[in-house]
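Notes follow once the structure below has been shown.
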Amino acid sequence: MLIDTHTHLYLKQFDDDRKEVIERAEAAGIKKFFLPNIDSQSIDAMLQMEIDFPDNCFAMMGLHPCSVKENFEEELQIVENWLQKRKFCAIGEIGIDLYWDKSFFEQQKKSFLTQVEWAIDLQLPIVIHCRESIDIVIDLLQPYNGKVKGIFHCFGGTAEQAKRIIDLDFLMGIGGVLTFKKAKLDEVIQEIPLEYLVLETDSPYLAPVPYRGKRNESSYVKIVAEKMAEAKNVTLEKVAELTTNNALNLFK
Ligand code: NI
Numbered sequence: 137m138l139i140d141t142h143t144h145l146y147l148k149q150f151d152d153d154r155k156e157v158i159e160r161a162e163a164a165g166i167k168k169f170f171l172p173n174i175d176s177q178s179i180d181a182m183l184q185m186e187i188d189f190p191d192n193c194f195a196m197m198g199l200h201p202c203s204v205k206e207n208f209e210e211e212l213q214i215v216e217n218w219l220q221k222r223k224f225c226a227i228g229e230i231g232i233d234l235y236w237d238k239s240f241f242e243q244q245k246k247s248f249l250t251q252v253e254w255a256i257d258l259q260l261p262i263v264i265h266c267r268e269s270i271d272i273v274i275d276l277l278q279p280y281n282g283k284v285k286g287i288f289h290c291f292g293g294t295a296e297q298a299k300r301i302i303d304l305d306f307l308m309g310i311g312g313v314l315t316f317k318k319a320k321l322d323e324v325i326q327e328i329p330l331e332y333l334v335l336e337t338d339s340p341y342l343a344p345v346p347y348r349g350k351r352n353e354s355s356y357v358k359i360v361a362e363k364m365a366e367a368k369n370v371t372l373e374k375v376a377e378l379t380t381n382n383a384l385n386l387f388k
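Heads up, the sequence shown is in this note's numbering, so the first residue is 137 and it goes up one at a time.
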């Protein structure tokens, strides 16, 4: 069994064939799908997936850094209300994004740390988005070392950064980037024990080779798992066993 620890299956890119996408993934061995939230606009569609696929789909709650704008306090209030109303598997996705827009950096930091503290109160893991901000996020988490666990989603950092993440006892989410030659992530993950890795797609984004540039979907987790097995010189079964255990232990 494999797990897609990060998929936005609820987005409109899947409106025409969501059921088929899940069936294809299940046929490839991917049995569970963890759904990171984006903002108040994505919640209804995400929660509908849990209703439609109760054995396979599990929702997170959180405010994505790219949705942190002037109204971030209202958005955070909505997240907080949901966290009080029902149980979620994690708080996510949260973090810092300095790739698209740096103008809300202070608000992004404030939103991130607020949500980290909610995660500690509720004893939930966090799922982190850290585009162009991996060292900043690692630094922000230092005061919380040992108090919170989670995943650095879409990890594409260096071996040095991986070591700092392991020191925080966090996991790294590996997706399609592992198949991109220039990223050299296959060399970096040779330095990371399998105990700290989980599989993900971030679908519909970041499809692996040979589907790069097309819509990503959860069945492609298998391609990433095969590439991981090759890079780490272990069997696919070993990758499946360990990454699945890591994900299930984290999300409980
Ligand atoms: Ni995402």
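For each residue, glycine too, the CB sits at the ideal point set by N, CA and C.
Since this is a predicted model, take the numbers as computed values, not measurements.
Check                                                                                                                                                                                        : Outcome
May I ask which residues mark the beginning and end of the beta strand (DSSP E) holding residue 138?                                                                                         : 138-140
Based on Cα-Cα distance, which residue from 256, 345, 304, 171 lies nearest to residue 362?                                                                                                  : 345
Restricting to Cα atoms, I'd like to know which of 169, 277, 254 is closest to residue 305.                                                                                                  : 277
What three-state label does DSSP hand residue 170 in the structure shown?                                                                                                                    : strand
Hey, is residue 229 close to ligand 1, as in C-beta under 7 Å from one of its heavy atoms?                                                                                                   : yes
Just grab the DSSP bridge partners of residue 286 for me.                                                                                                                                    : 262
For the alpha helix (DSSP H) that contains residue 270, what are its first and last residues?                                                                                                : 270-277
Please work out which residues of its chain come closer than 8 Å, Cβ to Cβ, to residue 328, disregarding the five sequence neighbours upstream and downstream, and give them in chain order. : 295, 298, 302, 308
So what's residue 212 in DSSP terms, helix, strand or just coil?                                                                                                                             : helix
Using the DSSP secondary-structure output, state which residues sit across from residue 339 in a beta bridge.                                                                                : 143
With H, G and I counted as helix, E and B as strand and the rest as coil, what does DSSP make of residue 206?                                                                                : coil
For the beta strand (DSSP E) containing residue 194, list its first residue and its last residue.                                                                                            : 193-195
Residue 198 by DSSP, collapsed to three states: which one?                                                                                                                                   : coil
Please report the residue range of the beta strand (DSSP E) in which residue 229 lies.                                                                                                       : 227-231
For residue 334, write down the residues that DSSP places opposite it in a beta bridge.                                                                                                      : 309
Near residue 204, which residues of its chain fall below 7 Å by C-beta distance, leaving aside the five closest residues on each side in sequence?                                           : 240, 243, 244, 247
Between the C-alpha atoms of residue 224 and residue 194, what's the straight-line distance to the nearest angstrom?                                                                         : 8 Å
With a threshold of 7 Å (Cβ to nearest heavy atom), would residue 102 be considered close to ligand 1?                                                                                       : Since the first and last residues shown for the chain are 137 and 388, residue 102 lies out of range.
With distances taken between CB atoms, is the gap from residue 143 to residue 183 smaller than 8 Å?                                                                                          : no
Beta-carbon within less than 7 Å of residue 253's beta-carbon, same chain only, minus the 5 sequence neighbours each way: which residues are those?                                          : none
Taking residue 353 and residue 161 to be in contact with their CB atoms under 8 Å, please state how far apart those CB atoms are, rounded to whole angstroms.                                : 7 Å
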